[in-house]
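One structure is given here, and the rest of the page talks about it.
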Amino acid sequence: MKALHMGKRERKTIYLDYAATTPVRPEVVRAMAPFLAKKFGNPSALYKLGLEAQEALNSSRSSIASVLNCRADEIVFTAGGSESINLAILGAAKNFRKNHKAGGHIITSTIEHHAVLHAVDALAAEGFSVTKIGVTEEGFFKLDELKKAIRPDTFLVSLMYANNEIGTIEPITEIGKLVRKINSDRIKLVTRHPSLVTPILFHTDACQSGGYIDIDVQKLHVDLLTLNGSKLYGPKQTGCLFVRRGVRLEPIIYGGGQEKNLRSGTENVPGIVGFAKALTLAHQEQEQETRRLEALRDYFISRVEKSIAHMQLNGPAPRTETKKAPAYIPSRLPNNINLSFANIDGEALVIYLDAHHIAAATGSACTSQSTDPSHVLEAIGLSKTYIRGSIRFTLGKYTTKAELDFVLKTLTALVAQQRKTTQQIL
Ligand SMILES: *Cc1c(COP(=O)(O)O)cnc(C)c1O
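End of the sequence shown = 427 in our numbering, gap-free, step of one.
Take a look at the structure:
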C-alpha cells in the first residue's frame, strides 16, 4: 500500500490506531468487488444469481471454519463484534429465561469492551445477577475470583481473549478447561436428571486476537467466540459468532430466519466474502507478522523508556521468545503499546500528534467521545494522573521502523514542551 495519502500536497499520515480499525487490504477489496455489483443476488433466491451468492457464502463459511477449527454450520455471520457479543450474551440469557422463571447469573470482568459491559448491565436491570471479576496490575483475570463467583445458577461466563486497551492476552484455554470441569461435575451430581442441568456457556470476545494469536476454538475450549472483520483488514460491520453445536441461543433479530434463525436479514455477501478473505490472509501471515510487530513494539518501548522520564508501560511486560525460553507464552498483543506520562494530558498529546500527522488514541478509542477515565486503566489500579496521561499506539501491517523513529522524535519533543508549559503555568 502506498500509505494513507490525505491529498497530493499533504504529508502522509502515520497511522498507529490499528486496534480501533484497519484499512481494508487490496486483496480483500478485489475479492469483494464482484459481489457489490455483478453478483448481487440474494442468497435465498433459487435462480443462478442467488445460487452464486449462496456458494460465496458457503465457501466463506468454510474458510472461516477452517481457521477456527470448527464446522461450517457453527459460524453465524453478524454485522460486527458488538452484534456478535450481544447475540452471545442476550441470546444465552433469553434462552435461560425460557427455561427458568427466575435466577440466572453471569460472570464477566471489569476490563471487557463496552459491548459486553453494557449488555450485562442491561440484563442486570432485568433481574439477572452479574459478577465482574477483577484483574491484576498487568490486566490478567483473577482466576480465584472467577472460581469463587460460580453459582448453581451461573449460565454464562464471558471473558475477553485479549484486551483492546492494554493488550493483555488472557489464559482462555485454562478458563475453558475450568468451565468444562465445572459442567461435568454438575452433570455427575444429577445423573438421574441430566436434562435439569444448565451448563455454563463460555464466551470469549476475540475481536483483537485474529491474526495475532491462536483462535482454534477446540484448543480454547470455548462455546461461543466473537470475531470481527474491521480489526483485521476486512470491511467494517462484518464479523461472526462461533456457536458450538448443541449450544442454544435465542435470536435478538427476528425476520426471514437466515443464519439458522439466529440472525435474520439478507446476508451481507460482499462483506462476508471480504471478512473471510481478510481472516484467511491474516491467519496465513500470523506467525511472521507477529514476530515483526513484536520486534517493532519492543524497539519502540525501549526507545521511549530511554528518551522520556516519568513514563510507564501499562499492561503486561512484553515477553518474547529467547533461546532460553523458546516456547514462550505471549502475554501481550504484538501490536499494543499503552504508555502513561506523568504531568501530561493524553488527549492534548493526541491532538498535537495529529497536527504532526500521527494518529494515536488516548486510553480507549471506543470512548473518546466521553471524558470518563478509561475503565480498564482504572481496573489495573492506575492513579488518576497516569490515567490522564495515557496514550495508546497500536501498530499494524503498514507500520515501519522509520515511522516509529519519527513518532519517537515527535513524541519526545511534545512531552517536553507540554511539561515545560505546565510548569510555567504553575
Ligand atoms: C472493536 C471491538 C469490539 C467491537 O467490535 P465492532 O466490530 O466495532 O462492533 C468488541 N470487543 C473488542 C475487544 C474490540 O476491540
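The beta-carbon is built from N, C-alpha and C at its ideal position, and this holds for glycine as well. Quick caveat, the model's predicted, so the values are computed rather than measured.
- Burial is judged here by how many other beta carbons sit within 10 angstroms of a residue's own beta carbon; A417 has fewer than 16 and is exposed.
- Listed in chain order, the non-local C-beta contacts of A360 below 8 Å within the same chain comprise T14, I15, Y16, L17, D18, L354, local neighbours out to five positions each way being set aside.
- In terms of Cβ geometry, Q209 and A356 do not form a close pair [threshold 8 Å].
- Remark: C-beta atoms of P331 and I216 do not approach each other more closely than 8 Å.
- With contacts defined by Cβ atoms closer than 8 Å, L118 and L250 do not form a contacting pair.
- N70 and A57 have their C-alpha atoms spaced approximately 20 Å apart.
- Relative to E138, the option among A32, G168, G105, G382 whose CA is nearest is G382.
- With 16 or more other Cβ atoms inside 10 Å of its own Cβ, F78 counts as buried.
- Within the chosen limit of 7 Å, ligand 1 reaches the beta carbon of I86 through at least one heavy atom.
- Taking the CA atoms as reference points, G397 sits about 43 Å from D186.
- Between the region 25-33 and the region 279-286, the count of C-beta pairs closer than 8 Å reaches three or more; the two stretches touch.
- Proximity of the region 337-346 to the region 394-414 meets the contact definition, three or more beta-carbon pairs being nearer than 8 Å.
- The region 175-184 makes no contact with the region 284-301, as fewer than three CB pairs between them are under 8 Å.
- Around the C-beta of G364, 16 or more other C-beta atoms lie within 10 Å, and the residue is accordingly described as buried.
- Taking 8 Å as the cut-off, the beta carbon of A318 is found no closer than this to the beta carbon of V136.
- Of the candidates L157, G42, I167, L157 places its Cα closest to the Cα of N184.
- Rounded to the nearest whole angstrom, the C-alpha separation of Q313 and E306 is 8 Å.
- Taking I134 as reference, the option from E260, K149, P35 with the minimal CA-CA separation is K149.
- Under the three-state reduction of DSSP, L202 is assigned to strand.
- Of the other Cβ atoms in all chains shown, 16 or more fall within 10 Å of the Cβ of I112; this residue is therefore buried.
- Burial is judged here by how many other beta carbons sit within 10 angstroms of a residue's own beta carbon; G82 has at least 16 and is buried.
- Annotation: the continuous beta strand (DSSP E) that includes K133 extends over 130-134.
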